[in-house]
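> Residue numbers (the working numbering), protein chains in the order written: chain P, 551 to 772; chain L, 551 to 772. Just so it is clear, CB atoms sit at the ideal spot from N, CA and C, and this is done for glycine as well. Fair warning: this is a prediction, and the values are worked out from it, not measured in the lab. Got a structure here, written out as structure tokens. Questions coming.
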DNA sequence: GTCTATAAAGTGATAGAC
DNA sequence: GTCTATCACTTTATAGAC
């Protein structure tokens, strides 16, 4: 790490630029020349600060995970609290009232994250890693996704008492799929729905649809 | 059809090898040397048969679309027939009996396609194009996906009379998401469910879950 | 910490012999 | 149709001056 502010500025500029270029081109096609140029930083400094291309790539993921954590952290903390205040004596209606809203809030957060134009880069980076995991996938999954799916699974289990943990987790996978599709198959979805982009209006339609789907999948009436 | 079978063999060997290498490395990172080596074909012949790297890439997509069409074609034809035998006078129960089985058959087919280890390469190629569409995306969407989503949308509309076409299409998107997640987020799903692979047993569990979800989303009881 | 300059290896494409 | 050989260019990484 570099304590001096000069090096820190350089590091951060490189990470920001690299996030965009790696997302756009993928690890291999991305060029360190491009990244250095986009950052306005001399190319040789990449070697100095990150050792090599892979070191820079990992730094991009660590930075991304940290930023996403800051976004969904508050929601996750609320859910943790709700889960800790657990009470198996609750009747079905009370459980729904307690656990469903935070579950929907979490999926809303993920959806907003996936659909937002702002986080385009992150989505691209993560999806590439899902397809062909490198060491960077561990940075993402262990540092972030593990907690999200754990929270979702526990919420689903509370909402569906009969389910085993693996049943609940399978249901979580399909719930996540409904959110994921708007990022992973974005080009196809836009074509299918005849949308130009996923803006606020479109996001609202999607959110409503997903809420209904989740309620239906959890066998909860309106 | 080719008078000289020699060139045809070369073409096909190159397409098979290129499918694997493009899927593994992506368009940019894939090397024509690698492809030629994997095919056991001289590198210069790529230029002769496909003009350049992009020509080979497009040939890979055309070949892929053709093969997938052959797989889902029969199911699609059955659905077309069912839709043509349309009758608005049918009551709800009869519509469910007529339209739900083919819908589930189609999603089952897509799921099997997405989960199969065999079609690993296709999934990778398509997902990459979804994220950063090139002209190859059109080959895939227009040649294949358009028909699938059209069939699904029409089935959903018949099963949910009140829906507008865009409502039905949005529902189709979320249905496809539940299938897609097992390919697009495969690494994460395996981790989440503590599976080593998606084999026949796992596929069966997924299929059951998705059937239940779809029935719930369509507001159809068991 | 930052720069210039360059080494070493890889890339896609193609000319020309057979 | 297929091959060898090679060109023109780009890539990452790094040595060495400041």
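For the structure I just gave you, are there three or more beta carbon pairs, one from the segment 691-705 of chain P and one from the segment 627-637 of chain P, closer than 8 Å?
Yes, since at least three Cβ pairs between the segment 691-705 of chain P and the segment 627-637 of chain P fall closer than 8 Å, the two stretches touch.
> Does the distance from the CB of residue 576 of chain L to the CB of residue 733 of chain L come in under 7 Å?
What you label residue 576 of chain L is simply residue 26 of the second chain in a count that begins at 1. What you label residue 733 of chain L is simply residue 183 of the second chain in a count that begins at 1. Taking 7 Å as the Cβ cut-off, residue 576 of chain L and residue 733 of chain L do not qualify as a contacting pair.
> Residue 578 of chain L versus chain P: which residues are under 8 Å apart at the beta carbon?
The count along the second chain starts at 1 and reaches residue 578 of chain L at position 28. In chain order: 575, 576, 578, 579.
> For a contact meaning CB atoms closer than 7 Å, what does residue 763 of chain P contact in chain L?
Residue mapping note: residue 763 of chain P aligns to position 213 of the first chain, counting from 1. Neighbours of residue 763 of chain P on chain L, chain order: 724, 767.
> May I have the straight-line CA-CA distance separating residue 685 of chain L from residue 696 of chain L, to the nearest angstrom?
For the purposes of this step, residue 685 of chain L is taken as residue 135 along the second chain, with counting starting at 1. For the purposes of this step, residue 696 of chain L is taken as residue 146 along the second chain, with counting starting at 1. Going from the Cα of residue 685 of chain L to the Cα of residue 696 of chain L covers about 16 Å.
> Residue 724 of chain P and residue 671 of chain L: beta carbons closer than 7 Å?
Walking along the first chain from the start, residue 724 of chain P turns up at place 174. Walking along the second chain from the start, residue 671 of chain L turns up at place 121. It is not a contact, given that the beta carbons lie outside the stated cut-off.
> Would you report the Cα separation of residue 767 of chain L and residue 766 of chain P, rounded to the nearest angstrom?
One-based indexing of the second chain puts residue 767 of chain L at position 217. One-based indexing of the first chain puts residue 766 of chain P at position 216. Each residue's Cα considered, the two are about 6 Å apart.
> List, in order along the chain, the chain P residues whose C-beta lies closer than 7 Å to that of residue 687 of chain L?
In the second chain, counting from the first residue as 1, residue 687 of chain L sits at position 137. Ordered by position in chain P, the residues that pass the 7 Å Cβ test against residue 687 of chain L are 737.
> Could one say the Cβ of residue 695 of chain L lies closer than 7 Å to chain P's Cβ atoms, at least one of them?
Start at 1 with the first residue of the second chain, and residue 695 of chain L comes out as number 145. At least one chain P Cβ lies under 7 Å of residue 695 of chain L.
> Can you tell me whether residue 760 of chain P is buried or exposed? The criterion is at least 16 other CB atoms within 10 Å of its CB, across all chains shown.
Counted from its first residue, the first chain places residue 760 of chain P at position 210. Buried, because 16 or more other Cβ atoms sit within 10 Å of the Cβ of residue 760 of chain P.
> Leaving out the 5 sequence neighbours to the left and right, which residues in its chain are closer than 8 Å to residue 595 of chain L when beta-carbon positions are compared?
By 1-based counting over the second chain, the position of residue 595 of chain L is 45. 560, 564, 586.
> At least one CB of chain P closer than 7 Å to the CB of residue 734 of chain L: is that the case?
For the purposes of this step, residue 734 of chain L is identified with residue 184 of the second chain, where counting begins at 1. At least one chain P Cβ lies under 7 Å of residue 734 of chain L.
> For a quick check, are the C-beta atoms of residue 730 of chain L and residue 588 of chain P less than 7 Å apart?
Indexing the second chain from 1 puts residue 730 of chain L at position 180. Indexing the first chain from 1 puts residue 588 of chain P at position 38. Contact: no.
> Quick one: grab the DSSP three-state call for residue 552 of chain L.
Position 2 of the second chain, counting from 1, holds the residue named residue 552 of chain L. Only weak support is given to the placement of residue 552 of chain L: the predicted model assigns it a pLDDT of 41, under 50, and the value that follows is read from those uncertain coordinates. Coil.
> Quick test of your reading: residue 743 of chain L and residue 720 of chain P, contact by CB under 8 Å. State the CB separation rounded to the nearest angstrom.
Numbered from its first residue, the second chain carries residue 743 of chain L at position 193. Numbered from its first residue, the first chain carries residue 720 of chain P at position 170. Indeed they touch by this definition, with Cβ atoms about 6 Å apart.
> Measure the alpha-carbon distance for residue 583 of chain L versus residue 567 of chain L and round it to whole angstroms.
Locating residue 583 of chain L in the second chain gives position 33, where the first residue counts as 1. Locating residue 567 of chain L in the second chain gives position 17, where the first residue counts as 1. Roughly 11 Å between the two C-alpha positions.
> Mind checking residue 738 of chain P: buried by the 16 CB within 10 Å criterion, or exposed?
Residue mapping note: residue 738 of chain P aligns to position 188 of the first chain, counting from 1. The residue is buried, with at least 16 neighbouring Cβ atoms inside 10 Å.
> I think residue 770 of chain P touches residue 646 of chain P, with their Cβ atoms under 8 Å apart; what is that distance to the nearest whole Å?
By one-based count along the first chain, residue 770 of chain P stands at place 220. By one-based count along the first chain, residue 646 of chain P stands at place 96. Right, their Cβ atoms sit about 6 Å apart.
> Have a look at residue 674 of chain L and residue 649 of chain L and give me their C-alpha separation to the nearest angstrom.
Start at 1 with the first residue of the second chain, and residue 674 of chain L comes out as number 124. Start at 1 with the first residue of the second chain, and residue 649 of chain L comes out as number 99. Roughly 31 Å between the two C-alpha positions.
> Can you list the residues of chain L that residue 716 of chain P reaches, using a CB-CB cut of under 8 Å?
Numbered from its first residue, the first chain carries residue 716 of chain P at position 166. By Cβ distance, chain L contributes 743, 744.
> How about residue 674 of chain L: is its C-beta nearer than 7 Å to some C-beta of chain P?
What you label residue 674 of chain L is simply residue 124 of the second chain in a count that begins at 1. For residue 674 of chain L, the answer is yes, since a Cβ of chain P falls inside 7 Å of its Cβ.
> Using a 10 Å radius around the Cβ and a threshold of 16 neighbouring Cβ atoms, would you call residue 657 of chain P buried or exposed?
In the first chain, counting from the first residue as 1, residue 657 of chain P sits at position 107. Buried.
> Report buried or exposed for residue 669 of chain P, applying the criterion of at least 16 other Cβ atoms within 10 angstroms of its Cβ.
For this step, residue 669 of chain P is matched to residue 119 along the first chain. Under this definition residue 669 of chain P is a buried residue.
> Which residue wins for smallest C-alpha separation from residue 754 of chain L, given the options L/603, L/623, L/661?
Taking the first residue of the second chain as position 1, residue 754 of chain L is located at position 204. Per the Cα distances, L/661.
> Using the beta-carbon of each residue, which ones in chain L are nearer than 8 Å to residue 652 of chain P?
If you number the first chain from 1, residue 652 of chain P lands on position 102. Per Cβ cutoff of 8 Å: no residues; residue 652 of chain P is ~19 Å from chain L at best.
> Less than 7 Å between the C-beta atoms of residue 727 of chain L and residue 727 of chain P, yes or no?
Position 177 of the second chain, counted from the start, is the residue given in the question as residue 727 of chain L. Position 177 of the first chain, counted from the start, is the residue given in the question as residue 727 of chain P. In this structure, residue 727 of chain P lies closer than 7 Å to residue 727 of chain L by Cβ.
> Starting from residue 767 of chain L, trace the alpha helix (DSSP H) both ways and give me its first and last residue.
Counting from 1 along the second chain, the entry for residue 767 of chain L is found at position 217. Segment 750-767, the alpha helix (DSSP H) holding residue 767 of chain L.
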